[in-house]
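*Asks:*
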Amino acid sequence: MHRYVKKLSVFLIDTFLLFGLASCDSIKSVNSNVTVGKVIEEFKAAGLEAEQPSDLPEKEFGNTRKEAKRILVTALGEDSGGRIFKFKNKEDLEQAKKYYDDLGNGNQMLFSHTYAKGNFLLQMNGDMEDAQFKKYKEVMDKVIKQVKESAFISQKI
2 MHRYVKKLSV FLIDTFLLFG LASCDSIKSV NSNVTVGKVI EEFKAAGLEA
52 EQPSDLPEKE FGNTRKEAKR ILVTALGEDS GGRIFKFKNK EDLEQAKKYY
102 DDLGNGNQML FSHTYAKGNF LLQMNGDMED AQFKKYKEVM DKVIKQVKES
152 AFISQKI
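Just so we're aligned: 108 in my numbering is position 107 of the sequence shown, and the numbers increase by one with no gaps anywhere.
Shown next, in the form of structure tokens:
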């Protein structure tokens, strides 16, 4: 009888571990479905400017990012706006954010707003008002949060 209980315990533990790992993988794969394009669409849907999305040259963190787009915000000037990156991992994202933050710390003329969520980095022209930048951050939070919640819900079903 003791042997049976031991085997059953090992089986149950293995089963829980397997389901736990499977759910982590599903959440990760659902999060990877969020794209830079989706974030830009949501900016526009919220009434925020994100015009003429264009691909960034490879020299702008090309070997560390998955995706990147430049967007224009005409309210800031003819050729002003920002960038949205999706990085392969958190470390690369943090390095890119530090790069932009350090530029602004070294020279006020090079200041830009930066915000990281998940593996995404938003970098916007420093001429943008803080209150306006906050609206972009809120949209990013909503898009990435919705994806995480939908992953959680699909795991519960």
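We put the CB at the ideal spot given by N, CA and C, even for glycine. Computed from a predicted model, the values in this text were never measured in an experiment.
Compare the Cα-Cα distances from D135 to each of D102, A69, L49 and report the closest residue.
*Replies:* Here the sequence assigns Lys to residue 135, which means Asp is not the residue at that position. Nearest option by C-alpha distance: L49.
*Asks:* Where does M131 fall in DSSP's three states?
*Replies:* Note that residue 131 is Asp in the sequence shown, not Met. It is helical.
*Asks:* Can you tell me whether I28 is helix, strand or coil according to DSSP?
*Replies:* Low confidence applies to I28: its pLDDT is 39, below 50, so where it sits in the model is not reliable enough to give any reading.
*Asks:* Taking D102 as part of the beta strand (DSSP E), name the residues at either end of that continuous run.
*Replies:* Element bounds for D102: not the beta strand (DSSP E) but the alpha helix (DSSP H), 91-107.
*Asks:* What are the uninterrupted segments assigned as beta strand (DSSP E) that are 3 or more residues long and contained completely in the segment 28-89, given in chain order?
*Replies:* Correct list: 52-56, 66-73, 82-88.
*Asks:* Residues in the same chain with beta-carbon distance under 7 Å from A76, minus the five sequence neighbours each way, listed in chain order, please.
*Replies:* Correct list, in chain order: E50.
*Asks:* Can you check which of these residues, M125, N126, Y116, is closest to D142 by C-alpha distance?
*Replies:* Out of M125, N126, Y116, Y116 has the C-alpha closest to the C-alpha of D142.
*Asks:* Quick one: residues in its chain with C-beta nearer than 7 Å to the C-beta of V144, no 5 flanking neighbours on either side, listed in chain order?
*Replies:* Same-chain partners within the cutoff: V35, K39, V40, E43.
*Asks:* Verify whether the separation of the beta carbon atoms of P126 and L94 is less than 8 Å.
*Replies:* Looking at the sequence provided, one finds Asn at residue 126 rather than Pro. It is not a contact, given that the beta carbons lie outside the stated cut-off.
*Asks:* Relative to the C-alpha of S81, which residue among E59, K98, Q53, E61 is closest?
*Replies:* The option with the nearest alpha carbon to S81 is Q53.
*Asks:* Where A132 and N90 are concerned, what is the direct C-alpha to C-alpha distance, given to the nearest angstrom?
*Replies:* Going by the C-alpha atoms only, they are around 29 Å apart.
*Asks:* Within the same chain, show all residues whose beta-carbon is closer than 6 Å to that of K98, passing over the 5 residues directly before and after it, in chain order.
*Replies:* Excluding sequence neighbours, K98 sits near T115, A117, L122.
*Asks:* Between V140 and A69, how many whole angstroms is the CB-CB distance? I'm expecting something under 8 Å.
*Replies:* 18 Å between Cβ atoms; not a contact.
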